Structure formats: C-alpha cells, structure tokens
C-alpha cells in the first residue's frame with residue numbers, strides 16, 4: 095500500500111467541491127501513479143478525459159506503460175500518451191499522459207477543452223516555460239470556456255502558498271512519502287576538480303560490502319561522459335557504468351530505470367532528470383555534486399548561455415530521497431554543511447531567465463498581447479517580454495500591436511520555435527522547403543556527430559540526406575541522434591507536403607540555398623571575421639563569437655551562426671554555415687544601408703571620401719573614392735566637420751577658451767544659452783557653413799579665422815554678460831592679469847603667488863555672484879602650497895601654518911604676521927635702504 099492511498103478519498107472529495115486543488119506529496123508517496131488511477135476509476139468526470147502533464151518524455155512513457163499494466167491493458171487503450179513525434183491513444187483513451195508543450199497545442203486548437211474533465215500538472219516544482227504557459231492557458235479556459243474543467247497541481251517540493259494563491263486560494267492537501275532513513279554525509283568544501291572528487295567517493299563506496307546501486311548527480315552531459323571515461327580507467331571493482339540525461343534516446347533512458355537480474359552493481363551518472371518523476375530500481379547510495387546546468391538568456395546579446403549553478407535546498411532534498419526508496423540509504427553531498435545552509439530554498443523559475451519568443455507568440459495566438467495582461471505566476475522582467483515581441487515582429491509573426499498574423503498561425507502549427515518556423519515558411523520552392531526541413535530538424539535536436547572537427551552544418555546535412563536515401567550511417571555518427579533528426583525532418587516534410595527522399599543536393603547548391611534559409615531564421619547572426627585568421631567574428635547584432643582553433647571553418651570571411659552561447663566576451667559557436675561574399679546581396683536584399691564617410695590623410699593633407707554599405711553592425715562593402723576634388727569639397731564640408739569635430743578647423747586656444755567659458759556659464763545659469771561642442775556641431779549650418787562658400791581645400795579651411803564666427807553665437811549683450819560673469823582673467827590686488835582655468839570638476843581656478851594676494855579679504859564670485867573663484871596659492875617657486883575658495887577664512891586660520899612652514903624654506907621672502915596689512919606684489923623682501 096502506498097502512503098497516498100489513504101488520502102485518495104479525501105482528494106476525490108476535494109476535487110468534487112473545488113475547481114482547483116494543490117497536492118503536496120513527499121517523495122515515495124505514489125502520487126504520479128496512484129492519483130491518476132484513482133481519479134480514472136471514479137465517476138467524477140464521466141466520459142471526459144483526464145490529461146496528465148509530465149515534464150520529461152521518458153517519464154511520460156514510463157508512467158503510461160506502468161499504469162496500463164496495472165489495469166491489464168496495453169498502452170493506447172484506456173491509458174495512452176503523447177510526446178513530440180509519437181502518440182499512442184485511441185477512441186477509448188480516458189487518461190492521456192503528455193509532455194507540457196502538447197497541452198498547449200491542444201488548448202490552442204480547442205480552447206474549450208470540451209472533452210477534458212481534469213488536467214493534472216505533475217512535478218510542477220520544475221516550473222518549465224511550458225508548464226507555466228499551460229497553467230496560464232488552463233486557467234483562462236476554466237474561467238472563459240469550460241467551467242466544469244478541474245485543475246490539480248502536484249509536486250513533492252513546491253511553494254504551496256504561492257501556487258494556492260495563484261489558483262484563487264485553492265485548497266492544499268499534504269501527504270507524507272514513503273522512504274527509509276537516509277543518512278546525510280557532507281564531504282567538505284566544494285572542489286574545482288569534480289571528476290576526481292566524484293570518482294574517489296564512488297571508489298570508496300564500491301569497496302564497501304553493502305549491496306545496492308549508486309546514483310551520481312552531475313550538472314551536465316559532458317561531466318557524465320568525463321566521469322564514465324575516467325571510471326573505466328581507475329575502477330577495479332566489476333560494475334556497470336550507465337549514463338542518464340535528457341539527450342539520450344528514450345529506449346536507452348528506459349533501460350536505466352529497471353534492474354536486470356544481475357548481481358553486478360551499477361553506478362548511474364545522471365543529471366537532474368533523475369530527481370523526480372523517474373523511479374530507478376536498486377539505488378541505495380546517492381552522491382550529489384550539488385550542481386546543475388541552467389540556460390540563461392542574455393537580452394543584451396540576444397544569446398543564451400549554459401551556466402553551472404548550485405542547486406536549491408528543495409533539489410538537494412529530492413536527490414537525497416532517491417537513496418531511501420527501497421531500504422535505508424546514504425546521500426553523500428560534495429559540499430559542506432555550512433554551504434547547505436546558504437542554499438536558496440527553491441531554484442528560480444525558468445520564465446525568469448529564459449528566452450521568451452515562443453512563449454510570447456503562444457500568448458499572442460491566445461489573444462494576450464500586452465505584458466500587463468498576462469496572469470503571471472512568476473513575473474519576468476518586462477524587457478524580456480519586449481525583446482521577444484520585437485523578434486516575433488521582425489519575423490512577421492505578429493503585428494506592431496503584437497496581434498498574431500497569418501504567418502504566426504502557420505508557425506505555431508509547425509510545432510517548432512519561431513526562428514526555425516520562419517525558415518520553413520519562407521522557403522519558396524519544394525527543393526528549398528525540403529532543405530529547410532532537414533535544417534530545422536538538425537537545429538532542433540542534439541548533434542548527430544559523436545565528435546567533430548568543425549561546426550559546419552553542411553557536413554551534418556549531407557549525412558542526414560544520405561541516410562534518408564540509402565540508410566547509410568558513417569563512422570563517428572550517433573545513430574539514435576541521426577534517427578531522431580530524420581524522423582523530425584519527415585514530420586516537417588509531411589506538414590509542408592514535400593518529399594525528402596528525392597532531395598540529394600551537392601555542397602555548393604546546398605550552401606547557396608541554406609544561406610538564405612538560415613538568414614530568415616537568424617537575421618542578426620550573420621557574422622564577419624574580425625581578423626585574417628577567421629577565428630573571431632562579429633555578429634550583426636554587435637556581439638562577438640569565436641571558433642575553436644582547429645575548426646575547419648576558420649579562415650572563412652562570412653558565416654551565418656545558428657547556435658552559439660553568450661557565456662564569455664566572445665561566445666562559442668556550435669553550429670554555423672559559411673557564406674560566399676557573392677551571396678550577400680541576394681541574402682540581404684533590402685536590409686542594407688549606405689553611408690559616405692570622410693577620412694583625413696595627414697601625409698597628403700587631403701580628405702578621402704569612403705563609401706560604406708552596412709547591414710546592422712557589419713560593414714559589407716567599403717570603397718575608397720579617393721581625395722575630394724575642389725568642387726566636391728564645399729558640398730561635403732558639413733559631413734566632414736560633423737564627423738571630424740571642431741578641432742578639424744583652425745581651432746585656436748582662444749576658441750577653446752571661449753567655448754570652455756560659455757559652456758561653464760551655461761551649466762551654472764539656466765538663463766544663459768546652453769553652448770557645447772555638440773550644440774555647435776548640430777547648428778553648424780547656422781553659424782559656420784554660410785561663410786565657407788569660397789573654401790575648396792583643406793589648406794584654405796585651416797587658414798580660416800574661426801573665432802569671429804564662433805563668438806557670433808552670442809549677441810552683444812550676451813557676450814558682455816559672459817565677460818563679466820565668466821571672465822578670461824582675474825586681476826590680482828597687485829594689478830596682474832592671471833588666466834582663469836574653468837575646470838569641470840573643481841570650478842574656475844586661478845594659480846597665483848601667495849604674496850600677490852596680500853590685502854585681499856573677500857573672495858571674488860562669478861556667475862552672478864553664485865560661484866566663488868578658487869585660488870591655487872603658489873610658493874615663490876610656483877608650487878601649490880594651499881587651495882581655497884574662502885580667502886577670509888584662509889587669512890584668519892591656515893595662513894599662519896603655511897607661513898610658519900614657508901619661512902624656513904624661503905627665508906628671503908615675505909611671510910608677515912599681518913598679511914592683510916601688507917602691500918601685494920613681489921614675494922621677495924626688499925633690501926633696507
């Protein structure tokens with residue numbers, strides 16, 4: 095008997111009384127199997143169907159087969175399942191187990207869900223994008239179309255308060271699990287050497303005489319492969335080393351779940367796929383790295399990156415529970431107890447960090463076009479939503495108001511992410527459509543090559559094309575991945591009514607077609623080499639990417655990048671296509687912009703005209719048209735000056751001083767004209783260009799006296815006002831003229847020998863007496879000894895410390911006790927008469 099069994103009558107009663115219910119059942123309670131069977135046996139839903147969502151394909155099939163066996167039937171009769179490209183149901187099916195995206199398609203095609211009585215969201219704590227979207231839409235269906243529809247949200251580790259509140263304060267039922275005691279051991283501080291740490295613990299546990307299999311949680315597929323390869327070299331104990339991750343073929347994943355009649359122990363290296371849903375027989379020891387991989391979207395670069403992060407406490411609890419399903423077990427955590435206390439309670443929901451283009455397109459199809467109209471369970475940044483909307487608009491899938499277009503509706507029917515849907519829809523011939531189907535399949539699945547020296551998608555296309563025609567599988571190709579790509583390509587081809595088997599095409603013809611198709615999908619990922627080596631590239635969106643040193647595509651000038659990450663300064667390219675320069679005009683068509691720029695040739699004292707053609711951040715063509723002729727010089731003066739700046743003119747120190755004073759005074763007084771270099775450049779047609787009619791060479795421009803034209807930006811009264819409130823010089827008490835520095839950070843400053851200021855008690859003020867003049871008082875050697883903006887305070891206080899110090903250094907100079915009574919002027923003492 096399962097722990098959940100005694101709670102089933104109460105759950106049935108609760109569902110009869112409420113439209114929405116939350117079930118929190120601890121690991122081992124049996125919720126994923128007992129609950130759907132119990133509800134199926136009740137008469138609550140009559141002839142209506144129950145749909146149960148599972149986050150993983152292998153869990154869908156595993157649970158469907160188990161439940162069908164429990165009632166003595168084959169899958170596809172009373173109990174069926176539906177995952178991508180695979181469906182086993184019949185007219186008699188009353189419980190359909192599906193992956194989350196399948197429910198979204200059902201709702202979009204049949205908003206009333208008229209044949210559905212209950213939707214069960216299992217393992218909802220994983221909070222994938224599809225799960226959040228399915229729940230948002232299900233609530234809308236419930237409220238607007240199908241009042242009899244019921245929703246049941248289930249999980250072992252869920253924030254019940256948040257979910258209950260979201261479901262209009264749905265009642266919460268809690269159920270204990272069934273698990274044996276699990277001893278928790280902490281292995282100390284985390285180590286950078288994950289493989290070595292894991293293997294040392296595995297080796298130690300295998301030497302223990304206890305029986306039972308070992309489950310090792312690792313962050314990703316690459317970590318699993320490294321650990322298995324190393325284990326094969328160092329482990330002496332006979333043991334089966336098995337991988338378990340989402341990219342494995344479903345058949346291979348299923349083999350791990352059941353134990354063969356063998357006395358040989360197993361060590362299963364798994365990602366977080368093994369945390370929930372899947373029951374793995376024979377596990378008594380868990381070794382937990384405490385890490386997982388998460389995909390995070392960087393809105394600035396438009397790229398996603400795969401980050402390795404610490405798991406949350408909820409995940410740590412789930413993982414440990416895997417060791418206590420059958421008997422008392424052990425969980426060894428490869429971190430310290432203090433680190434455990436610092437872990438977050440729950441992992442951030444995918445919607446907060448993921449790329450939202452598909453999510454937002456689905457909402458648009460449903461009729462939700464604005465961020466504020468979404469009934470968010472967890473609210474992402476609005477900017478993420480806006481970026482997704484902009485991409486959907488650029489692909490033509492929504493209009494400027496985010497309402498879905500006919501193209502957008504076609505895209506959703508294809509069941510592929512929007513970028514690839516754009517490529518499939520825009521292919522304008524049967525041959526191109528067939529190529530697009532293969533490309534979309536290749537880009538939707540894991541790499542078909544076990545290892546490869548190049549990210550070139552061309553070789554992968556040719557392998558799949560040959561396999562479809564002759565069933566040939568070359569060495570180094572992953573059979574299951576190839577079969578999955580071929581299956582998906584056929585699925586696309588069926589939807590688009592094209593034949594794949596007759597589409598053999600050579601490399602050059604393929605690349606010519608593929609370049610245009612991939613541009614439809616990735617318009618901002620056209621890339622140009624930044625160096626002759628062709629290792630580093632600039633994407634059209636301004637982001638940098640790079641190839642491995644050994645990649646066969648190195649040296650190509652142009653690429654279209656299909657898959658890359660945004661993890662480092664230069665993202666890593668995982669899939670790309672080389673593009674011939676001659677193809678660019680056809681690919682880019684009306685997306686180009688042209689500019690004329692000017693470049694100064696200092697050696698020849700000439701200006702060259704440069705014609706440039708751009709696509710976004712990329713320079714497509716650059717042509718030097720040579721030095722400007724006299725007749726063209728005057729017509730280009732405005733562009734030249736705005737590009738080169740005012741220093742390109744006869745920009746004297748007097749001009750610089752005037753602009754500095756005017757700019758400073760404008761910053762202090764709102765009533766004074768706001769003049770800056772940018773302002774002068776933007777108004778150049780008013781104060782300068784009309785006076786350059788006879789200027790037809792760089793030499794003549796450099797000889798033109800600019801100052802009279804510059805000061806004409808102020809009328810006579812404004813010039814007088816500036817001379818009074820931002821003067822060029824300060825006149826000392828000894829009648830010397832000292833230049834005022836209009837320092838941006840320190841304010842107007844004069845540097846003057848201290849003795850020149852004897853007798854000056856009040857500090858002069860500028861800008862309508864709002865800003866005190868700052869004095870940099872100098873020693874006889876003209877070195878700064880004191881700064882002040884308050885002369886009165888200086889003479890009454892710090893002067894005496896300065897004078898005391900200076901008398902020893904400069905005994906021949908004046909350092910009187912009563913400086914205000916001294917005559918200003920020379921610092922040196924006068925000789926007695």
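Residue numbers (the working numbering): 95 to 927.
Ideal Cβ placement from N, Cα and C applies to all residues, glycine included.
It should be emphasised that the depicted structure is a prediction, and the values quoted were computed from it without experimental measurement.
Practice task
Pick helix, strand or coil for residue 111, following the three-state DSSP scheme.
Solution key: The sequence position of residue 111 within the chain shown is 17, counting from 1. Residue 111 falls in the helix class under three-state DSSP.
Exercise for the section: Please state if the CB of residue 217 and the CB of residue 120 are separated by a distance shorter than 8 Å. Expected result: Here residue 120 refers to the residue found at position 26 when the chain shown is read from its first residue. Here residue 217 refers to the residue found at position 123 when the chain shown is read from its first residue. No; because the gap between Cβ atoms is not below 8 Å, this pair is not in contact.
Problem - C-alpha distance - residue 225 paired with residue 322, whole-angstrom precision - result: Position 131 of the chain shown, counting from 1, holds the residue named residue 225. Position 228 of the chain shown, counting from 1, holds the residue named residue 322. Computed Cα separation, rounded: 33 Å.
Exercise for the section: Measure the alpha-carbon distance for residue 446 versus residue 472 and round it to whole angstroms. Expected result: Indexing the chain shown from 1 puts residue 446 at position 352. Indexing the chain shown from 1 puts residue 472 at position 378. Looking at the two C-alpha atoms, the distance is approximately 7 Å.
Handout entry: Beta-bridge partners of residue 550, as assigned by DSSP
Key = To locate residue 550, count along the chain shown from 1; it is residue 456. Listed as beta-bridge partners of residue 550 by DSSP are 670.
Handout entry: Integer-rounded CB distance, given that residue 362 should sit under 8 Å from residue 384
Key = Within the chain shown, residue 384 is the residue found at index 290, counting from 1. Within the chain shown, residue 362 is the residue found at index 268, counting from 1. So it is not a contact: roughly 17 Å between Cβ atoms.
Exercise for the section: Return the residue from the list 756, 642 and 264 that minimises the CA-CA distance to residue 774. Expected result: Residue mapping note: residue 774 aligns to position 680 of the chain shown, counting from 1. It is 756.
Practice task
Identify every residue that forms a DSSP beta bridge with residue 652.
Solution key: Residue numbering aside, residue 652 sits at position 558 when the chain shown is read from its first letter. Looking at the DSSP assignment, residue 652 forms a beta bridge with 622.
Exercise for the section: Using a Cβ cut-off of 8 Å (strictly closer), state whether residue 831 contacts chain C. Expected result: Included in the structure is just one protein chain, with no chain C present.
Handout entry: Residue range of the unbroken beta strand (DSSP E) whose run includes residue 289
Key = Along the chain shown, read from residue 1 onward, the residue named residue 289 stands at position 195. Residue 289 -> not in any beta strand (DSSP E); alpha helix (DSSP H) instead, spanning 288 to 301.
Exercise for the section: Have a look at the DSSP bridge pairing and note the partners of residue 658. Expected result: The sequence position of residue 658 within the chain shown is 564, counting from 1. Looking at the DSSP assignment, residue 658 forms a beta bridge with 667.
Practice task
Kindly indicate the opening and closing residues of the beta strand (DSSP E) around residue 182.
Solution key: Walking along the chain shown from the start, residue 182 turns up at place 88. In this chain, the beta strand (DSSP E) harbouring residue 182 covers 180 to 182.
Handout entry: For residue 633 and residue 343, the rounded distance between their alpha carbons
Key = Numbered from its first residue, the chain shown carries residue 343 at position 249. Numbered from its first residue, the chain shown carries residue 633 at position 539. Taking the Cα positions, residue 343 is about 34 Å away from residue 633.
Handout entry: Secondary structure of residue 502, DSSP reduced to three states
Key = On the chain shown, position 408 is the one that residue 502 refers to. Residue state, collapsed to three classes: helix.
Handout entry: Straight-line gap, residue 637 to residue 536 (C-alpha atoms, nearest Å)
Key = Locating residue 637 in the chain shown gives position 543, counting from the first residue. Locating residue 536 in the chain shown gives position 442, counting from the first residue. The straight-line gap from Cα to Cα measures roughly 24 Å.
Problem - Boundaries (first-last residue) of the alpha helix (DSSP H) holding residue 754 - result: Taking the first residue of the chain shown as 1, we reach residue 754 at position 660. From DSSP, the alpha helix (DSSP H) with residue 754 extends over 747 to 762.
Exercise for the section: Could you check what DSSP says for residue 253 in three-state terms: helix, strand or coil? Expected result: Counting from one through the chain shown, the residue named residue 253 turns up at place 159. Residue state, collapsed to three classes: coil.
Exercise for the section: Since I believe residue 458 is in contact with residue 502 (beta carbons under 8 Å), could you give me their beta-carbon distance rounded to a whole number of angstroms? Expected result: Your numbering for residue 502 matches position 408 in the chain shown. Your numbering for residue 458 matches position 364 in the chain shown. About 7 Å; that satisfies the 8 Å criterion.
Practice task
Could you spell out where the beta strand (DSSP E) holding residue 191 opens and where it closes?
Solution key: Your numbering for residue 191 matches position 97 in the chain shown. For residue 191, the enclosing beta strand (DSSP E) has its first and last residue at 189 to 193.
Practice task
Would you mind reading off the limits of the beta strand (DSSP E) that contains residue 282?
Solution key: For the purposes of this step, residue 282 is taken as the residue at position 188 of the chain shown. Looking at the DSSP string, residue 282 is not in any beta strand (DSSP E), and its letter there is neither H nor E.
Problem - Per-residue burial, residue 573 [other beta carbons within 10 Å of its own, 16 or more giving buried] - result: Along the chain shown, one-based indexing puts residue 573 at 479. Around the beta carbon of residue 573, fewer than 16 other beta carbons sit within 10 angstroms, so the residue counts as exposed.
Problem - CA-to-CA distance, residue 283 to residue 403, given in whole angstroms - result: As a position in the chain shown, residue 403 is number 309, starting the count at 1. As a position in the chain shown, residue 283 is number 189, starting the count at 1. So the alpha carbons of these two residues sit roughly 15 Å apart.
Practice task
Locate the alpha helix (DSSP H) running through residue 680, then write down its first and last residues.
Solution key: Here residue 680 corresponds to residue number 586 of the chain shown, with the count starting at 1. From DSSP, the alpha helix (DSSP H) with residue 680 extends over 678 to 682.
Exercise for the section: Using beta-carbon positions only, say whether residue 692 and residue 705 come within less than 8 Å of one another. Expected result: As a position in the chain shown, residue 692 is number 598, starting the count at 1. As a position in the chain shown, residue 705 is number 611, starting the count at 1. No. Outside cutoff.
Handout entry: Start and end residues, alpha helix (DSSP H) containing residue 517
Key = Translated into the one-based positions of the chain shown, residue 517 becomes position 423. 512 to 520 is the extent of the alpha helix (DSSP H) around residue 517.
Problem - DSSP-derived helix/strand/coil call for residue 611 - result: Numbered from 1 along the chain shown, position 517 holds the residue referred to as residue 611. Here residue 611 sits in helix by DSSP.
Handout entry: Run of the beta strand (DSSP E) containing residue 702, from where it starts to where it stops
Key = Walking along the chain shown from the start, residue 702 turns up at place 608. First-last of the beta strand (DSSP E) with residue 702: 700 to 709.
Exercise for the section: Determine which residues share a DSSP beta bridge with residue 119 and list them. Expected result: Looking up residue 119 in the chain shown gives position 25. Residue 119 pairs with 269.
Exercise for the section: Using three-state DSSP, classify residue 830 as helix, strand or coil. Expected result: Numbered from its first residue, the chain shown carries residue 830 at position 736. Coil at residue 830, not helix or strand.
Practice task
My understanding is that residue 173 touches residue 154, with C-beta atoms under 8 Å, so please give their C-beta distance in whole angstroms.
Solution key: Along the chain shown, read from residue 1 onward, the residue named residue 173 stands at position 79. Along the chain shown, read from residue 1 onward, the residue named residue 154 stands at position 60. Contact between residue 173 and residue 154 fails: their C-beta atoms lie close to 11 Å from each other, not under 8 Å.
Exercise for the section: Let me know the beta strand (DSSP E) ranges lying completely inside the segment 345 to 371, each 3 residues or longer, listed in chain order. Expected result: Correct list: 360 to 364.
Exercise for the section: Pull up the distance between the alpha-carbon of residue 857 and that of residue 919, whole angstroms please. Expected result: Reading the chain shown from its first residue, position 763 is the one you call residue 857. Reading the chain shown from its first residue, position 825 is the one you call residue 919. Going by the C-alpha atoms only, they are around 18 Å apart.
Practice task
Drop a sphere of 10 angstroms on the beta-carbon of residue 400, count the other beta-carbons inside from all chains shown, and report buried for 16 or more, exposed for fewer.
Solution key: Position 306 of the chain shown, counted from the start, is the residue given in the question as residue 400. By the beta-carbon neighbour count (other beta carbons within 10 angstroms, threshold 16), residue 400 is exposed.
Problem - Which residues DSSP lists as bridging residue 426, in chain order - result: Looking up residue 426 in the chain shown gives position 332. 279 and 381.
Practice task
Could you work out which residue in 630, 905 and 130 is closest to residue 105 when comparing CA atoms only?
Solution key: Position 11 of the chain shown, counted from the first residue, corresponds to residue 105. If we check each option's Cα against that of residue 105, 130 comes out closest.
Practice task
Alpha carbon to alpha carbon, how far is residue 736 from residue 845? Give it in angstroms, no decimals.
Solution key: Here the question's residue 845 lines up with position 751 in the chain shown. Here the question's residue 736 lines up with position 642 in the chain shown. The alpha-carbon atoms of residue 845 and residue 736 are separated by roughly 35 Å.
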